[in-house]
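Colleague: Numbers 1 to 321, taken from UniProt numbering, label the letters of the sequence shown in order. We put the CB at the ideal spot given by N, CA and C, even for glycine. Fair warning: this is a prediction, and the values are worked out from it, not measured in the lab.
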Amino acid sequence: MEHKPETRRMKLIRPAGRRETAEDRRLAPMMRALKAIHSATLPESMAPEDLERQRAAQELLGRLAAPMLGMRWEPFTLDDMNAAWVRPERGHDRRRAVLYCHGGGYTSGNLGYSRPLAAKLANVTGWEVMAFEYRLAPEHPFPAAADDAMKAWDYLMYQGYGARDVVVAGDSAGGNMALVLCHRLKAMGRRLPARLILMSPWTDMTASGRSYTERAALDPTITLEYIKAVRTAYARDHDLADPLLSPLFGDFTGFPPTLIQAGSNELLLSDSIRLRDRMNAAQAPCRLEVWNDMWHVFQMFPVRRANLAMESIGRFLLEQF
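1. In whole angstroms, give me the CA-to-CA distance for ALA126 and PRO88.
2. If you follow the beta strand (DSSP E) that LEU99 is part of, which residue opens it and which one closes it?
3. Below 8 Å, how does it come out for the region 244-263 and the region 286-301: are there three or more Cβ pairs, yes or no?
4. Compare the beta carbon distance of ALA207 and VAL180 with 8 Å and say whether it is the shorter of the two.
5. Considering only the beta carbon of each residue, do SER246 and ASP277 sit closer than 8 Å?
6. Bridge partners for PHE76 per DSSP, in chain order?
7. Can you look up MET300 in the DSSP assignment and give me helix, strand or coil?
8. Please check the pair TYR106 and LEU136, which I expect to be a contact at CB under 8 Å, by giving their CB distance rounded to whole angstroms.
9. Buried or exposed: PRO285, going by 16 or more other Cβ atoms within 10 Å of its Cβ?
10. For PRO48, is the classification buried or exposed, using 16 other Cβ atoms within 10 angstroms of its Cβ as the cut-off for buried?
11. Relative to the alpha-carbon of CYS101, which residue among MET130, MET279, ARG95, LYS120 has its alpha-carbon at the smallest distance?
12. Which whole-angstrom value describes the C-beta separation of GLY175 and LEU192, a residue pair presumed to lie in contact below a C-beta threshold of 8 Å?
13. Can you tell me whether ALA40 is buried or exposed? The criterion is at least 16 other CB atoms within 10 Å of its CB, across all chains shown.
14. Determine the direct distance from the alpha carbon of LEU69 to that of ASP239, and round the result to whole angstroms.
15. According to the neighbour-count rule (16 or more other Cβ atoms, all chains shown, within 10 Å of its Cβ), is ALA187 buried or exposed?
16. Have a look at ARG315 and MET71 and give me their C-alpha separation to the nearest angstrom.
17. Can you name, in chain order, every residue of its own chain whose Cβ lies under 6 Å from the Cβ of PHE298, other than the five neighbours on each side?
18. Below 8 Å on the Cβ atoms is my contact criterion, and I expect ALA97 with TYR161 to pass it. Report the Cβ-Cβ distance as a whole number of Å.
19. ASP171 lies in the beta strand (DSSP E); which residues open and close that run?
20. PRO143: which of ASP237, ILE227, ARG55, MET279 sits nearest, CA to CA?
21. Contact between the region 74-83 and the region 149-160 is defined here as three or more beta-carbon pairs at a separation below 8 Å; is this criterion met?
22. Skipping 5 residues on each side, what residues in its chain have a beta carbon closer than 6 Å to that of LEU244?
23. From the DSSP output, read off the bridge partner residues of ALA131.
24. Terminal residues of the continuous alpha helix (DSSP H) containing GLY112?
25. Measure the C-alpha to C-alpha separation of MET300 and VAL86 and round it to an integer number of angstroms.
26. State yes or no: is the C-beta of ARG200 within less than 8 Å of the C-beta of LEU268?
27. Could you check where the alpha helix (DSSP H) with LEU275 kicks off and where it finishes?
28. Should ARG195 and THR253 be called a contact, given that it needs their Cβ atoms to be closer than 8 Å?
29. For LEU308, count neighbouring C-beta atoms within 10 Å of its own C-beta (all shown protein chains included) and say buried if the count is 16 or more, exposed if not.
30. Out of curiosity, what's the CA-to-CA distance linking THR77 and GLU214?
31. Hey, quick one: how far does the alpha helix (DSSP H) through MET157 stretch, first residue to last?
32. Using 8 Å as the threshold, is the C-beta distance between LEU248 and ARG274 below it?
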């Protein structure tokens, strides 16, 4: 009998007997958008019409997540790549910057999706945040996105920032991108960023961690079938264990202090735990925060623990400088 994916995974699991709260009602439209984004359960769903729907839903999710209150959004073009600065309207520290890499499985995501987390990062740090719209698979497979991340990094260096003035942050595939950028910079003998902020990072495209099975029924936002579809679209025939695809398997000697945040219910939890262990083994300072009952990239959502997690990111960065 053919197995059909269970769409119930896209719903928040509410304990029996608990009444719906205002927070639940705020989350409902976002969960519907996520269901549309992560409806890809087979590689065939990377067809153009399906991708168009997923990418539109991804942008909708970004618009639903949070308003840009107190922030200036300043788009610009870097060669042929769309990018934007998010700048706090209040006085802010112009000496530091965050390079933010958005998630989306390397197949979706854009500046619209980047807005909420970029704005939250700017808010908790008082720093300027640069977001960029890297090329997406399957139209642009590996290493196109990684090359665009390097272009964004080089742009900041040309603008006069030093590597030690820049924090690289990313969620999900953006966390993968942030780590891959560091691996590439290290291989080139270049300076690494001052700090890394990784929210639910996708570090293992081989999907070998225990959480890929143990958390499959708990994470309301992402499925193993989706992971398999998007990794095929991006990696094509490349070795999935290559550290430029699965940065978990790289050498972390000399990596900057890193804060990882993950939800206890998320499919990719093992990716964060194993990354923490490998970084610590390489003497690279790394802190992992596992937030109870939270899901993949929960920081984007209008829930109290998302706000607390962002405040923790702000403290981590401001204490370091």
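Modeller: Answer, in terms of the structure:
1. In the sequence as presented, Ala is not what sits at residue 126; that position holds Gly. Taking the straight line from one Cα to the other gives about 6 Å.
2. Here the beta strand (DSSP E) through LEU99 covers 93-101.
3. Pairwise C-beta distances place the region 244-263 in contact with the region 286-301, as three or more of them are shorter than 8 Å.
4. No, the pair does not count as a contact, with Cβ atoms beyond the cut-off.
5. Their beta carbons are not under 8 Å apart, which means SER246 does not touch ASP277 by this criterion.
6. DSSP lists ALA83 as partners of PHE76.
7. The three-state secondary structure of MET300, taken from DSSP, is helix.
8. Correct: roughly 7 Å between the Cβ atoms.
9. With fewer than 16 Cβ atoms within 10 Å of its Cβ, PRO285 is classed as exposed.
10. So PRO48 counts as exposed.
11. Comparing alpha-carbon positions, the option among MET130, MET279, ARG95, LYS120 lying closest to CYS101 turns out to be MET130.
12. Not confirmed; about 16 Å, so no contact.
13. Any reading at ALA40 needs caution, since the residue's pLDDT is 45, under 50, leaving its predicted position unreliable; the model's value is listed next. Within a 10 Å sphere around the beta-carbon of ALA40 sit 16 or more other beta-carbons, which makes this residue buried.
14. Distance between the alpha carbons of ASP239 and LEU69: 43 Å.
15. So ALA187 counts as exposed.
16. ARG315 and MET71: Cα-Cα distance of roughly 20 Å.
17. The residues are GLY263, ALA306.
18. Taking C-beta atoms under 8 Å as the contact rule, ALA97 and TYR161 qualify, at a distance of about 6 Å.
19. Per DSSP, ASP171 belongs to the beta strand (DSSP E) from 166-171.
20. For the residues ASP237, ILE227, ARG55, MET279, the minimum Cα distance to PRO143 belongs to ASP237.
21. The answer is yes - the region 149-160 touches the region 74-83, with three or more Cβ pairs under 8 Å.
22. Within the same chain, LEU244 has close Cβ partners VAL180.
23. Per DSSP, the beta-bridge partners of ALA131 are ALA84, TYR100.
24. Segment 111-125, the alpha helix (DSSP H) holding GLY112.
25. Each residue's Cα considered, the two are about 16 Å apart.
26. Per the sequence shown, the amino acid found at residue 200 is Ser instead of Arg. Result yes, Cβ atoms of SER200 and LEU268 sit closer than 8 Å.
27. Per DSSP, LEU275 belongs to the alpha helix (DSSP H) from 269-281.
28. No, Cβ-Cβ distance for ARG195 and THR253 is not below 8 Å.
29. It counts as exposed.
30. Between THR77 and GLU214, the C-alpha separation is close to 43 Å.
31. That run of the alpha helix (DSSP H) goes 144-158.
32. Taking 8 Å as the Cβ cut-off, LEU248 and ARG274 qualify as a contacting pair.
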